[in-house]
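Data first, discussion second: the structure below is written as structure tokens.
There are 2 protein chains.
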Amino acid sequence: MTRVVGRGGSPSVPRSADVARLAGVSRKTVSRVLNNEPYVSADVRRRVIEAAEELGYRLNNAARALASGRTRSIGAVALGTAGYGTASLLVAIEKVVRGSGYALRVVNTLDGEPDDIAGAVDSLLEQGVDGIIVSEPIVEGEVSVRVDVPVLFLGAPPAFGGSRAVTAGVGADLLAGAATDHLLDLGHQTVHHLAGPLRWYAARDRVEGWRTALTARGRHQPPLLEGDWSAASGYLAGRELAADSEVTAVFVSGDDMAIGLIHALTEAGRRVPHDVSVIGFDGNPVFAYVTPPLTTVRQPFDAAAREGLKLLIHTIEEPGTEVPSASDLPVELVVRASTAPPRSSSAGQRTSPSRSHPSQRSQA
Amino acid sequence: MTRVVGRGGSPSVPRSADVARLAGVSRKTVSRVLNNEPYVSADVRRRVIEAAEELGYRLNNAARALASGRTRSIGAVALGTAGYGTASLLVAIEKVVRGSGYALRVVNTLDGEPDDIAGAVDSLLEQGVDGIIVSEPIVEGEVSVRVDVPVLFLGAPPAFGGSRAVTAGVGADLLAGAATDHLLDLGHQTVHHLAGPLRWYAARDRVEGWRTALTARGRHQPPLLEGDWSAASGYLAGRELAADSEVTAVFVSGDDMAIGLIHALTEAGRRVPHDVSVIGFDGNPVFAYVTPPLTTVRQPFDAAAREGLKLLIHTIEEPGTEVPSASDLPVELVVRASTAPPRSSSAGQRTSPSRSHPSQRSQA
DNA sequence: CTGAAAGCGCTAACAA
DNA sequence: TTGTTAGCGCTTTCAG
Chain A
1 MTRVVGRGGS PSVPRSADVA RLAGVSRKTV SRVLNNEPYV SADVRRRVIE
51 AAEELGYRLN NAARALASGR TRSIGAVALG TAGYGTASLL VAIEKVVRGS
101 GYALRVVNTL DGEPDDIAGA VDSLLEQGVD GIIVSEPIVE GEVSVRVDVP
151 VLFLGAPPAF GGSRAVTAGV GADLLAGAAT DHLLDLGHQT VHHLAGPLRW
201 YAARDRVEGW RTALTARGRH QPPLLEGDWS AASGYLAGRE LAADSEVTAV
251 FVSGDDMAIG LIHALTEAGR RVPHDVSVIG FDGNPVFAYV TPPLTTVRQP
301 FDAAAREGLK LLIHTIEEPG TEVPSASDLP VELVVRASTA PPRSSSAGQR
351 TSPSRSHPSQ RSQA
Chain B
1 MTRVVGRGGS PSVPRSADVA RLAGVSRKTV SRVLNNEPYV SADVRRRVIE
51 AAEELGYRLN NAARALASGR TRSIGAVALG TAGYGTASLL VAIEKVVRGS
101 GYALRVVNTL DGEPDDIAGA VDSLLEQGVD GIIVSEPIVE GEVSVRVDVP
151 VLFLGAPPAF GGSRAVTAGV GADLLAGAAT DHLLDLGHQT VHHLAGPLRW
201 YAARDRVEGW RTALTARGRH QPPLLEGDWS AASGYLAGRE LAADSEVTAV
251 FVSGDDMAIG LIHALTEAGR RVPHDVSVIG FDGNPVFAYV TPPLTTVRQP
301 FDAAAREGLK LLIHTIEEPG TEVPSASDLP VELVVRASTA PPRSSSAGQR
351 TSPSRSHPSQ RSQA
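Here the protein sequences come in this chain order: A and B.
Quick note, in the UniProt record's numbering, the first sequence goes up one by one and the last residue is 364.
Quick note, in the UniProt record's numbering, the second sequence goes up one by one and the last residue is 364.
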């Protein structure tokens, strides 16, 4: 079969040989230019680039991957839910991945079950990726997959992947501690906690931070409530809490749950923040406009993605060498109006935040 | 260079030849089985599958793509914002894409500018995709890229891509009409509209639906307000609207904006829904738990993704043949408590919805 | 129903 | 600084 290139017949897609011919160099040289390799004279480089442009040449990634053994893409296993947190994290990941010269492949899992994760990782591996990001997997069970690429666990200890696994997080424990401290600083005797599903590492880390903050001040540690991240589950928990007049402050492990919880409290006649203070977790900006505006703690998704990918890409590109050290993630408390000093107390170190609309931020 | 496979030395990754050897067949037969091609005896098929499993064989997608010219992956150009709508759509897309045997590649654009889109499409093409999904691009400008694969425009007329472009939407005009009708049915004389940025097709379609509904009943058409999807912009618009005592009903082009708008209204002493009714757009479930619970219209993301991908995949796999006809998308009105009959009217055809928490749904 | 040979378009190693 | 020679691992002809 003869293939007519460049004229007549079907206007077939140009390959590197066509570029080489037009630029008057070898295919290897074209390859060098396209990969930004050194040892190419400026003149040749320019000619190649011009030729490529003239032909509308686009590199064939499959061929490149096959020949080089590297796909230049990274796979992400994400939670298939459309929550603000999940979505923000994925957007942050995409930005950093693309900025690093990799392409992103995404696979969602229904709810992070080990089998799901294993399946997701497997499909990523089959598609061909140089590295994998697993974000926020759950605790239980064991993920059994044979991975031969580095894996980054975002917000969780390595669940599999042996030697080439790295970890990074959003600093959930610190954030949770800051939230709890905020309430304590306001003068509350103790702080209740509505956690996310405890099978999630994210939920556990926050519980941990809450416990630590309480313990550090020698406060009584109330029983834990567990929700499922949804506003509906927050509502249910709120009904329970409303019945207990001891409750004056609640740290909720997610903004949506906090909204549900506040709704139940209000419905039961417990006013927020007058009777009960509530602080959320995530930082969805829309909740600056509900009544009362929600005090919350913002998750540093961008910073976490940047940190994590630095590690992952290092592990991919320079295996064996020391991994770069992690920098500190920002802890950003967004104080709005759902938190205030307890009713019968004047202990608040700060003036009670009671403005009704925008948000004051403070670095903790 | 001799390569030791299967034992000794480095435990190299198995290839199809290893599977073939173990199963006692040719490589081509292995390929047949893996691709579910016909004309393979059940016995051989079983043997191949067993051999593959025993070896832990994983097909090399780069090689497959290079040889076959098909990558079996689809690229999505998404809006790089973490809003509920955007995120839901992407999750829906991922589900359908994966369910169809394709892998998903994602590229975000900052805000849908033509140049961004062109760049995103280009990078997708370079990575190798069999089809592209562009979701919710904006109106202005022209996208100039040479695409040689089918393109699906979700919620917008084809912006480029010539002959192999297909379109599908969420039925934004119908949804907007239903929202407007709901308010009219309640007895309001007319309905104001806070739109999204008019450079977005999504925003325009909703304006269109609102206009049509108003015109159909010969109602006066108030001036249009324009926001940017954010709650903050809704708040600003709400301040304006609060000053106008004629306003009794507002259809807002997004839930977040609706929340901001309600906040401004309430702040100005106009009660919702007592003085002003507000209906949102999207269907984020968390807003069932704010005060007042937000009436809204749910976008059929799953159905839209399913419809659109049916078209796209058809165009990829059976070019030339007739495209399957589109089925109707559901219009789902979620009536909660932010809408009610106007104060001085008893025209509401239905009992005024004033329950305070969950959501009643109705098919319109 | 199964197999043998010939590439897909690129990069790696080596040479010049 | 550049070119030559071999493949990467699979699918595609085309024969059996």
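Every residue, glycine too, gets a C-beta built ideally from N, C-alpha and C.
Subject >> Beta-bridge pairing of Glu142/A - partner residues as DSSP gives them >> reply: Bridge partners of Glu142/A: none, in fact.
**Nearest residue (CA-CA) to Asp244/A, options Thr291/A, Val145/A, Glu94/A, Ala264/A** = When each option's Cα is compared against that of Asp244/A, the closest is Ala264/A.
Next on the checklist: Quick check on the burial criterion: 16 or more other C-beta atoms within 10 angstroms. Buried or exposed for His193/B?
Outcome noted: Result: buried.
Closest by CA to Pro197/B, which one among His182/B, Val166/B, Trp229/B, Ser73/B?
Ranked by Cα distance from Pro197/B, the options His182/B, Val166/B, Trp229/B, Ser73/B are led by Trp229/B.
Integer-rounded CB distance, given that Asn61/A should sit under 8 angstroms from Gln127/B = Indeed, because the Cβ distance is near 5 angstroms, the residues count as touching under 8 angstroms.
Next item on the list: Answer yes or no: do Ser233/A and Ser277/A have a C-beta to C-beta separation smaller than 8 angstroms?
Entry: No, Cβ-Cβ distance for Ser233/A and Ser277/A is not below 8 angstroms.
Practice prompt. Compare the C-beta of Gln127/A with all C-beta atoms of chain B and state if any pair is closer than 8 angstroms.
Written response: Chain B contact via Cβ: present.
| query | Just the Cα atoms here: how many angstroms apart are Val147/B and Ala63/A? | reply | Cα to Cα, Val147/B sits roughly 19 angstroms from Ala63/A.
Please list the segments of the beta strand (DSSP E) lying wholly inside the segment 231-280 of chain A, counting only runs of 3 or more residues, in order along the chain.
For the segment 231-280 of chain A, whole beta strand (DSSP E) runs of length 3 or above, ordered along the chain, are 249-252, 277-279.
Would you report the Cα separation of Leu22/A and Ser123/A, rounded to the nearest angstrom? If you take the alpha carbons of Leu22/A and Ser123/A, they lie about 40 angstroms apart.
| said: By DSSP's criteria, Gly75/B is part of a beta bridge. Which residues make up the other side? | reply: For Gly75/B, which the question treats as bridged, DSSP gives the partners Arg105/B, Ile132/B.
request  = Could you check the C-alpha separation between Asp18/A and Val323/A for me, to the nearest Å?
outcome  = Taking the straight line joining both Cα atoms gives about 42 angstroms.
- Does any C-beta atom of chain B lie closer than 8 angstroms to the C-beta of Val91/A? Chain B, which has a Cβ nearer than 8 angstroms to the Cβ of Val91/A, makes this yes.
Quick check on the DSSP output: the beta strand (DSSP E) that includes Arg64/B runs from which residue to which?
Where Arg64/B is concerned, there is no enclosing beta strand (DSSP E), although the alpha helix (DSSP H) it sits in stretches over 61-68.
Q) Quick one: is Thr266/B near chain A, going by C-beta distance under 8 angstroms? A) Judged by the 8 angstroms Cβ criterion, Thr266/B is in contact with chain A.
Distance CB(Leu186/A)-CB(Pro330/A) smaller than 8 angstroms: Contact: no.
Hey, is Pro353/B's beta-carbon within less than 8 angstroms of any beta-carbon in chain A? Any answer about Pro353/B is weak, because its pLDDT of 42 lies below 50 and its placement is not dependable; what the coordinates show is given next. No, Pro353/B does not count as interfacial toward chain A.
- Query: Around the C-beta of Leu224/A, are 16 or more other C-beta atoms found within 10 angstroms, so that it is buried, or is it exposed?
  - Reply: Around the CB of Leu224/A, fewer than 16 other CB atoms lie within 10 Å, so the residue is classed as exposed.
- Query: Name the DSSP beta bridge partners of Arg298/B, please?
  - Reply: Answer is Asp282/B, Glu332/B.
**Message:** Do Pro300/B and Val170/B have their beta-carbon atoms positioned less than 8 angstroms apart in this structure?
**Reply:** Against a cut-off of 8 angstroms, the Cβ pair of Pro300/B and Val170/B comes out as a contact.
Exercise. Do you know offhand how far Val250/A's Cα is from Val191/A's?
Worked result: The straight-line gap from Cα to Cα measures roughly 5 angstroms.
Practice task
Indicate whether at least one CB of chain A lies closer than 8 angstroms to the CB of Ala340/B.
Solution key: No, Ala340/B does not count as interfacial toward chain A.
Notebook entry, point to check: Does the separation of the CB atoms of Ala172/A and Val286/B fall below 8 angstroms?
Noted result: For Ala172/A and Val286/B, no; Cβs fall outside 8 angstroms.
field: chain B contact residues for Gln66/A, given Cβ-Cβ distances below 7 angstroms
entry: Note that residue 66/A corresponds to Leu in the displayed sequence, not to Gln. Those are Ala62, Ala63, Leu66, listed as they occur along chain B.
message = Using a Cβ-Cβ distance cut-off of 8 angstroms, determine whether Glu94/A contacts chain B.
response = Yes, Glu94/A lies at the interface with chain B (some Cβ there is under 8 angstroms from its Cβ).
* Distance CB(Leu311/B)-CB(Val96/B) smaller than 8 angstroms -> By the CB criterion at 8 angstroms, Leu311/B and Val96/B fall outside the cutoff.
| said: In whole angstroms, give me the CA-to-CA distance for Gly101/B and Gly99/A. | reply: In this structure, the alpha-carbon of Gly101/B lies about 28 angstroms from that of Gly99/A.
* Given 8 angstroms as the limit, is there contact between the segment 72-79 of chain B and the segment 279-297 of chain B, that is, 3 or more CB pairs closer than that? -> Contact fails: fewer than three Cβ-Cβ distances are below 8 angstroms.
Give, in chain order, every residue of the segment 245-263 of chain A whose Cβ lies closer than 7 angstroms to some Cβ of chain B. So the close ones are Asp256, Ile259, Gly260, His263.
Contact set for Ala347/A: own chain, Cβ-Cβ below 8 angstroms, skip 5 residues either direction: Confidence at Ala347/A is low in this model, with a pLDDT of 46, below 50, so the placement of that residue should be treated as unreliable; the coordinate-derived value is given next. Excluding residues within five positions, the ones whose Cβ falls inside 8 angstroms are Leu186, Gly187, Pro341.
Report task. Measuring alpha carbon to alpha carbon, tell me which of Leu261/B, Val252/B, Asp255/B, Ala305/B ends up nearest Gly238/B. Result -> Of the candidates Leu261/B, Val252/B, Asp255/B, Ala305/B, the one whose C-alpha sits nearest the C-alpha of Gly238/B is Leu261/B.
Report task. Using a Cβ-Cβ cut-off of 8 angstroms, state whether Val107/A counts as contacting chain B. Result -> Chain B places a beta carbon closer than 8 angstroms to that of Val107/A, counting this residue as a contact.
Where Ala179/A falls: helix, strand or coil (DSSP): If DSSP states are grouped into helix, strand and coil, Ala179/A belongs with the helices.
* First through last residue of the alpha helix (DSSP H) which encompasses Thr339/A -> Per DSSP, Thr339/A belongs to no alpha helix (DSSP H) and is neither H nor E.
*Helix, strand or coil: how does DSSP classify Gly22/A here?*
Note that residue 22/A is Leu in the sequence shown here, rather than Gly. Helix, per DSSP.
Looking at chain A, which residues of the segment 277-301 of chain B have a Cβ within less than 9 angstroms of any of its Cβ atoms?
Result list: Asn284, Pro285, Val286, Phe287, Ala288, Tyr289, Val290, Thr291, Pro293, Phe301.
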